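Numbering (my numbering), first residue to last: 106 to 336. Beta carbons are placed, not taken as given, at the ideal position from N, Cα and C, and that holds for glycine. Computed from a prediction, not measured in an experiment: that's the story for all the values here.
Structure below.
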């Protein structure tokens with residue numbers, strides 16, 4: 106395997122290799138894989154999304170309304186919520202509604218007329234084409250919708266906005282309405298994609314079609330066992 110670090114190419118040799126990268130990228134790296142396996146790997150398109158953080162000088166409007174989470178049924182952001190009360194080291198989270206707060210808002214691009222992995226490919230393109238001004242507009246508009254009745258004014262009560270844009274976000278999840286029925290576990294695209302090929306094992310949470318740490322750990326362990334001939 107050859108990789109580049111600080112502008113220099115380095116080569117590493119080993120008897121076995123575990124590919125634990127984004128599974129959809131593997132067909133481009135390992136061109137010798139069977140076509141059916143390539144198709145299985147390519148099926149796992151990561152879900153595009155954004156986590157937008159909004160700093161406000163206080164969260165008095167939430168307290169007065171008696172809410173910590175607002176769900177929008179048909180709008181740009183699907184929700185706004187108070188950030189988790191986490192204290193780390195010398196940092197202590199705010200205890201009073203009059204303390205500053207970071208609000209969390211999530212946006213996932215989607216299309217009503219597209220299903221399957223193509224939904225997320227189209228969403229990725231849309232996400233990368235969406236300017237910051239669009240996010241800012243909807244932050245202000247939706248916060249005024251939800252909190253304006255409690256005195257919140259987006260024009261004066263927002264200190265900062267940060268848009269964390271993930272064109273390749275969470276691993277593909279099969280728990281969606283459009284996912285077809287598979288007669289057996291071996292028929293699932295991600296199962297076909299994760300099969301060992303020669304001395305190459307395939308891992309990552311993508312291999313389990315689940316964006317969870319336990320999926321990543323399980324399939325890393327499985328891939329090592331397979332290339333060692335343990336299972």
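Which same chain residues, not among the five before or five after residue i, have their C-beta less than 6 Å away from its C-beta?
i: residue 160; result: 207, 264, 265
i: residue 148; result: 222, 294
Provide the residue(s) that pair with residue i in DSSP beta bridges, ordered along the chain.
i: residue 306; result: 123
i: residue 391; result: Nothing about residue 391 can be reported from this structure: the residues present for the chain run from 106 to 336 only.
i: residue 157; result: 210, 268
i: residue 184; result: 176, 211
i: residue 193; result: 196
i: residue 275; result: 152
Whose C-beta lies closer than 8 Å to the C-beta of residue i among residues of the same chain, with five residues either side of it excluded?
i: residue 182; result: 157, 210, 211, 212, 243, 244, 247
i: residue 225; result: 150, 151, 152, 153, 277
i: residue 215; result: 224, 228
Cutting at 7 Å between CB atoms, please list the residues of its own chain near residue i, excluding the five before and the five after it.
i: residue 317; result: 310
i: residue 192; result: 198
i: residue 179; result: none
Measuring straight from C-alpha to C-alpha, what distance separates residue i and residue j?
i: residue 221; j: residue 276; result: 13 Å
i: residue 249; j: residue 281; result: 32 Å
i: residue 108; j: residue 130; result: 15 Å
i: residue 114; j: residue 106; result: 10 Å
i: residue 150; j: residue 203; result: 42 Å
i: residue 283; j: residue 218; result: 11 Å
i: residue 291; j: residue 184; result: 37 Å
i: residue 196; j: residue 186; result: 21 Å
i: residue 289; j: residue 314; result: 15 Å
i: residue 238; j: residue 261; result: 17 Å
i: residue 127; j: residue 241; result: 31 Å
i: residue 189; j: residue 272; result: 24 Å
Classify residue i as buried or exposed, calling it buried when 16 or more other Cβ atoms lie within 10 Å of its own Cβ.
i: residue 232; result: buried
i: residue 123; result: buried
i: residue 138; result: buried
i: residue 305; result: buried
i: residue 324; result: buried
Chain B beta carbons: is any one of them nearer than 8 Å to that of residue i?
i: residue 283; result: The structure shown contains no chain B, having only a single protein chain.
Given 8 Å, three or more beta-carbon pairs between the region 318-335 and the region 171-180: The region 318-335, when compared against the region 171-180, does not touch it at the 8 Å Cβ threshold.
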